[in-house]
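> Below is a structure I'd like to ask you about.
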Amino acid sequence: MSEAPAFQNLIGGEWIPARSGRTFESRSPADRSDVVGVFPRSDAADVDDAVAAARRAFPAWRGTPQPARGEVLREAARLLRERKEELARLMTREMGKVLVEARGDVQEAIDMADYIAGEARRPVGQTVPSELTDKVCFTFREPVGVIGLITPWNFPIAIPSWKLLPALLAGDVVVFKPAEDTPLCAARLVEILVEAGLPPGVVNVVHGIGEEAGAALVAHPEVRLISFTGSAEVGRQVAAKGGALLKRVSLELGGKNAIVVLDDADLELALDGAVWAAFGTTGQRCTAASRMIVDRRLVGDFTALLRARAEALRVGDGLRDEVEVGPIINERQLRRVHSYTEVGVAEGARLVTGGAVLDQGDLARGHFYAPTVFADVRPTMRNAQEEIFGPTVAVIAAQSAEEAVAHANSTVYGLSLAVYTRDVGRAFRAMRELQAGIVYVNAPTIGAEIQLPFGGIKGTGNGHREAGMTAVDEFSERKTVYVDYSGRLQRAQIDT
Ligand code: UN1
Numbered sequence: 069m070s071e072a073p074a075f076q077n078l079i080g081g082e083w084i085p086a087r088s089g090r091t092f093e094s095r096s097p098a099d100r101s102d103v104v105g106v107f108p109r110s111d112a113a114d115v116d117d118a119v120a121a122a123r124r125a126f127p128a129w130r131g132t133p134q135p136a137r138g139e140v141l142r143e144a145a146r147l148l149r150e151r152k153e154e155l156a157r158l159m160t161r162e163m164g165k166v167l168v169e170a171r172g173d174v175q176e177a178i179d180m181a182d183y184i185a186g187e188a189r190r191p192v193g194q195t196v197p198s199e200l201t202d203k204v205c206f207t208f209r210e211p212v213g214v215i216g217l218i219t220p221w222n223f224p225i226a227i228p229s230w231k232l233l234p235a236l237l238a239g240d241v242v243v244f245k246p247a248e249d250t251p252l253c254a255a256r257l258v259e260i261l262v263e264a265g266l267p268p269g270v271v272n273v274v275h276g277i278g279e280e281a282g283a284a285l286v287a288h289p290e291v292r293l294i295s296f297t298g299s300a301e302v303g304r305q306v307a308a309k310g311g312a313l314l315k316r317v318s319l320e321l322g323g324k325n326a327i328v329v330l331d332d333a334d335l336e337l338a339l340d341g342a343v344w345a346a347f348g349t350t351g352q353r354c355t356a357a358s359r360m361i362v363d364r365r366l367v368g369d370f371t372a373l374l375r376a377r378a379e380a381l382r383v384g385d386g387l388r389d390e391v392e393v394g395p396i397i398n399e400r401q402l403r404r405v406h407s408y409t410e411v412g413v414a415e416g417a418r419l420v421t422g423g424a425v426l427d428q429g430d431l432a433r434g435h436f437y438a439p440t441v442f443a444d445v446r447p448t449m450r451n452a453q454e455e456i457f458g459p460t461v462a463v464i465a466a467q468s469a470e471e472a473v474a475h476a477n478s479t480v481y482g483l484s485l486a487v488y489t490r491d492v493g494r495a496f497r498a499m500r501e502l503q504a505g506i507v508y509v510n511a512p513t514i515g516a517e518i519q520l521p522f523g524g525i526k527g528t529g530n531g532h533r534e535a536g537m538t539a540v541d542e543f544s545e546r547k548t549v550y551v552d553y554s555g556r557l558q559r560a561q562i563d564t
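Reading the sequence shown from the start, the letters are residues 69 to 564 in the working numbering.
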C-alpha cells in the first residue's frame, strides 16, 4: 500500500485523473522504496480534453495585452525565487541531481522568468520602408495557437521553463507532457504559474508515458507546434509524425560533447572543467562532456590526474551535503550505462577506473554507477561516437591541434564543444572550426546562460534555438502588413 500523495492532470483549470483511471508512480532514483507521488497515466482521450480546454482558453489569452501576460511571469519568477530551496530539495529527491545543482536548475527557471517578463514590453516587430510612395509596411508577432511541449527529466524545472514561459508570453496556449520520471517537479512549476494568475486552460498538464500521452500530443491535428527535448531516437519519430502533419517541430536532442585540451593548456583548469562536465549531473546532461580529446604530450598526465579526481568523487544520495555525484535516473539507464562499459572493453579501450554498478550499503537502495574513465579510445569507437548519458568519459589522444578539432567534429552530434588553450590564435581557429551550436573557450561544455541561444547543429536537432533573444519568436508566427494610403493601385516591382 502506497502512502504517496496522488496528483492529477490539469485540464481547463481542474485537477482531474486520467479518463482511464490508470496511474503510474514517480520514485526516487536514490531510494527506490521512496514513492514521491502517484500520477495519472494519460492517453489520447486525455490529450483530446486538454487540447479542447486550451482551444477554449485561446481567444481570451491571445487578447490579453502582452505586458499583462508578462505580469503573470513576473509573479511566477517571484514565487520560484521564494520556493527555490523547497523546489530544489524536491528535485533532488525526484531525479537525483545533487542539491547544489538542483538549486542551479531552479535558478535557471527564475532567470528565464525574469528575462521573458522583461521581454513583455520590448518591440514585437519591424517597420520597413516600402518601394512605393504612400505605403507603409510592418511586421508583428502573433501566437501560434495550441502548442505541445514534451520535456525531459534531466532539467525538470529549467527546460520546461525555457519552453513554457516564452510560449505564454507569445500568447500561445499549452498542452504540457512532462517526463514520466519527473512529474512532480513539473506539477510544482505549473502550480506556481496558476498561483501567479494564469487563467484556466492556458496551460494544461497531461502526465503519462511518451508512447501514449506524448505520441497522442504529437499526432493531434489541432496542435500546431511541438517543442521536444529528449533522445535523438524519439526526436526522429516526433519529426516524422509532426512533419507529415505540417506542424512546426522544434527538436533539442542528443550530444557527444568534447573538451579539447591543447598542449599549451592550463592542465589543472582543464581538469576542473573535465570533472565538472563529465560527472556533474552524473553525466546526464545533453551538454555533458563525454569525450576528452587531449594532445598526446599531455594525455598521460591528464588521464592519471582525471583518474585520481574521478576516484575521489563521493557518490550517493544528492540530498547529503558531502555527495558530489548522484544516482542514475532509472534502472533502464543504469543498464544502458553499464552496457557501454562492456562495449568499451570489447572494443579494446582501456578501462582506467569505474565501470561498475555501486551497490554497497545505502547505495543498494538506488541506481548508482562509479565515475568511469576509458583511455586509449579511438575516435571511431562506439564509446566515442554514441551518447551514453551517464558518468562515463572517453579519453582520446590527438597528434596536433588540427587533429584534435577533427576528432571533436567526428560525431553525428553538434551541441557543445570546448577548447582549452592559452594561445589566442588557436582559440579563434577552434571557435571557427568546431562544429557545434555552443563553443566554450577555457570553460567546460556545460554552463549555458538563458539570455543566449541554446541548441545544436547536425544530429543534435533541426536548427531551432531555445532561450536567447529569439526565445519568444520560436513560439510565434510573424504577420507582414502592407498599408497603402495613396488611394490608387500601386503595383510592387512594376510601378516603382
Ligand atoms: C541539458 O543538458 O539538457 O548548460 C541542458 C547547461 C545547462 C543546461 C543543460 N545550463 O549545462
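Every residue, glycine too, gets a C-beta built ideally from N, C-alpha and C. Here the structure is a predicted model, which means the values were calculated and not measured.
Taking a contact to mean a Cβ-Cβ separation below 7 Å, would you say residue 180 touches residue 221 in this structure?
Indexing the sequence shown from 1 puts residue 180 at position 112. Indexing the sequence shown from 1 puts residue 221 at position 153. Not closer than 7 Å, so no.
> Going by DSSP, what residues sit across from residue 451 in a beta bridge?
Along the sequence shown, one-based indexing puts residue 451 at 383. For residue 451, which the question treats as bridged, DSSP gives no partner whatsoever.
> Quick one: does the C-beta of residue 354 sit closer than 6 Å to a heavy atom of ligand 1?
Walking along the sequence shown from the start, residue 354 turns up at place 286. For ligand 1, at least one heavy atom lies less than 6 Å from the Cβ of residue 354.
> Would you mind sorting residue 363 into buried or exposed? The rule is 16 or more other CB atoms within 10 Å of its CB.
For the purposes of this step, residue 363 is taken as the residue at position 295 of the sequence shown. By the neighbour-count rule (16 or more Cβ atoms within 10 Å), residue 363 is buried.
> Sort 264, 238, 233 and 224 by Cα distance to residue 249 and report the nearest one.
To locate residue 249, count along the sequence shown from 1; it is residue 181. It is 224 whose Cα lies nearest to the Cα of residue 249.
> Whose CA, out of 460, 390, 246 and 101, lies closest to the CA of residue 296?
In the sequence shown, residue 296 corresponds to position 228, counting from 1. Per the Cα distances, 246.
> Cβ of residue 516 versus every heavy atom of ligand 1: is any distance shorter than 6 Å?
One-based indexing of the sequence shown puts residue 516 at position 448. Within the cutoff, so yes.
> Just to check my reading of the structure: residue 123 and residue 212 have Cβ atoms closer than 8 Å, yes? What is that Cβ distance to the nearest angstrom?
Locating residue 123 in the sequence shown gives position 55, counting from the first residue. Locating residue 212 in the sequence shown gives position 144, counting from the first residue. About 13 Å; that fails the 8 Å criterion.
> Can you say whether residue 69 is buried or exposed, counting buried as having 16 or more other CB atoms within 10 angstroms of its CB?
For the purposes of this step, residue 69 is taken as the residue at position 1 of the sequence shown. At residue 69 the pLDDT is 45, less than 50, meaning the model places this residue with poor confidence and gives no usable figure here.
> Could you compute how far the alpha carbon of residue 199 sits from the alpha carbon of residue 210?
Mapped onto the sequence shown, residue 199 falls at position 131. Mapped onto the sequence shown, residue 210 falls at position 142. Approximately 25 Å between the Cα atoms of the pair.
> Going by beta-carbon coordinates alone, are residue 322 and residue 99 separated by less than 7 Å?
Translated into positions along the sequence shown, residue 322 becomes position 254. Translated into positions along the sequence shown, residue 99 becomes position 31. No, the pair does not count as a contact, with Cβ atoms beyond the cut-off.
> Just to confirm my understanding: we take residue 525, look at its own chain, exclude 5 residues before and 5 after, and list those with CB closer than 7 Å. What are they?
Sequence index remark: in the sequence shown, residue 525 carries index 457 (1-based). 482, 503, 504 and 505, listed in sequence order.
> From residue 423 to residue 169, what does the alpha carbon distance come to, in whole angstroms?
Position 355 of the sequence shown, counted from the start, is the residue given in the question as residue 423. Position 101 of the sequence shown, counted from the start, is the residue given in the question as residue 169. For residue 423 and residue 169, the distance between alpha carbons rounds to 24 Å.
> On the DSSP letters alone, give me the boundaries of the alpha helix (DSSP H) that residue 211 sits inside.
As a position in the sequence shown, residue 211 is number 143, starting the count at 1. From DSSP, residue 211 is part of no alpha helix (DSSP H) but of the beta strand (DSSP E) over 203-211.
> Among the residues of its own chain, which have a CB less than 7 Å from the CB of residue 227, if the five just before and after it don't count?
Within the sequence shown, the letter at position 159 stands for residue 227. So the list reads 219, 220 and 297, once near-sequence residues are dropped.
> In three-state terms, what does DSSP make of residue 387?
The residue you call residue 387 lines up with position 319 of the sequence shown. Correct three-state label for residue 387: coil.
> Are there any heavy atoms of ligand 1 lying less than 6 Å away from the beta-carbon of residue 222, as far as the coordinates show?
The residue labelled residue 222 in the question sits at position 154 within the sequence shown. Under cutoff, so the answer is yes.
> How big is the Cα-Cα spacing for residue 80 and residue 273?
Translated into the one-based positions of the sequence shown, residue 80 becomes position 12. Translated into the one-based positions of the sequence shown, residue 273 becomes position 205. Rounded to whole angstroms, residue 80 to residue 273 spans 9 Å at the Cα level.
> From residue 534 to residue 176, what does the alpha carbon distance come to, in whole angstroms?
The sequence position of residue 534 within the sequence shown is 466, counting from 1. The sequence position of residue 176 within the sequence shown is 108, counting from 1. Cα to Cα, residue 534 sits roughly 13 Å from residue 176.
> Of the choices 260, 287 and 128, whose alpha-carbon is the least far from that of residue 215?
Translated into positions along the sequence shown, residue 215 becomes position 147. Ranking the options by Cα distance to residue 215, first place goes to 287.
> For residue 199, name the three-state secondary structure that DSSP assigns.
Reading the sequence shown from its first residue, position 131 is the one you call residue 199. Coil at residue 199, not helix or strand.
> For the segment 153-192, list the alpha helix (DSSP H) runs that are entirely contained and at least 4 residues long, ordered along the chain.
Qualifying alpha helix (DSSP H) stretches, in chain order: 167-187.
> Hey, out of 333, 102 and 252, whose CA is closest to residue 492's CA?
The count along the sequence shown starts at 1 and reaches residue 492 at position 424. Among 333, 102 and 252, the Cα nearest to that of residue 492 belongs to 333.
> Count the C-beta pairs between the segment 259-278 and the segment 101-111 that are closer than 8 Å, then say yes if the count reaches three, no if not.
Yes: the two stretches touch, three or more of their Cβ pairs being nearer than 8 Å.
> Helix, strand or coil for residue 145 per DSSP?
The count along the sequence shown starts at 1 and reaches residue 145 at position 77. Note: residue 145 maps to helix in three-state DSSP.
> Are the CB atoms of residue 147 and residue 255 nearer to each other than 7 Å?
Looking up residue 147 in the sequence shown gives position 79. Looking up residue 255 in the sequence shown gives position 187. For residue 147 and residue 255, no; Cβs fall outside 7 Å.
> Grab me the residues of residue 542's own chain with a C-beta within less than 8 Å of its C-beta, minus the 5 sequence neighbours each way, in chain order.
The residue labelled residue 542 in the question sits at position 474 within the sequence shown. The answer, listed in chain order, is 234, 295, 318, 532, 533 and 534.
> State the Cα-Cα distance for the pair residue 132 and residue 385, rounded to the nearest angstrom.
On the sequence shown, position 64 is the one that residue 132 refers to. On the sequence shown, position 317 is the one that residue 385 refers to. If you take the alpha carbons of residue 132 and residue 385, they lie about 45 Å apart.
> Which residues mark the beginning and the end of the alpha helix (DSSP H) in which residue 306 is found?
Position 238 of the sequence shown, counting from 1, holds the residue named residue 306. Residue 306 -> alpha helix (DSSP H) spans 300-312.
> Any idea what DSSP makes of residue 108, helix, strand or coil?
Here the question's residue 108 lines up with position 40 in the sequence shown. It is a strand residue.
> Could you check what DSSP says for residue 229 in three-state terms: helix, strand or coil?
Counting from one through the sequence shown, the residue named residue 229 turns up at place 161. In the structure shown, residue 229 sits in a helix (DSSP, three-state: H, G or I).
> Might you give, ordered along the chain, the residues of its own chain that have their beta carbon closer than 6 Å to the beta carbon of residue 141, omitting 5 neighbours on each side?
By 1-based counting over the sequence shown, the position of residue 141 is 73. These residues qualify, in order along the chain: 181, 184, 185 and 233.
> In chain order, what residues of the same chain have a beta carbon less than 6 Å from the beta carbon of residue 361, not counting five sequence neighbours either side?
Within the sequence shown, numbered from 1, the residue matching residue 361 stands at position 293. Correct list, in chain order: 326, 328, 464, 466, 472, 475 and 476.
> Give the secondary structure of residue 344 by DSSP, where H, G and I count as helix, E and B as strand, and everything else as coil.
Looking up residue 344 in the sequence shown gives position 276. Residue 344: helix per DSSP, three-state reduction.
> Assuming contact is defined by CB atoms lying nearer than 7 Å, are residue 417 and residue 444 in contact in what I supplied?
Within the sequence shown, residue 417 is the residue found at index 349, counting from 1. Within the sequence shown, residue 444 is the residue found at index 376, counting from 1. A contact, by the Cβ cut-off of 7 Å.
> Which residues in the same chain have their Cβ closer than 8 Å to the Cβ of residue 156, if we skip the five residues on either side of it in sequence?
Against the sequence shown, residue 156 aligns to sequence position 88. These residues qualify, in order along the chain: 167, 170, 171, 173 and 174.
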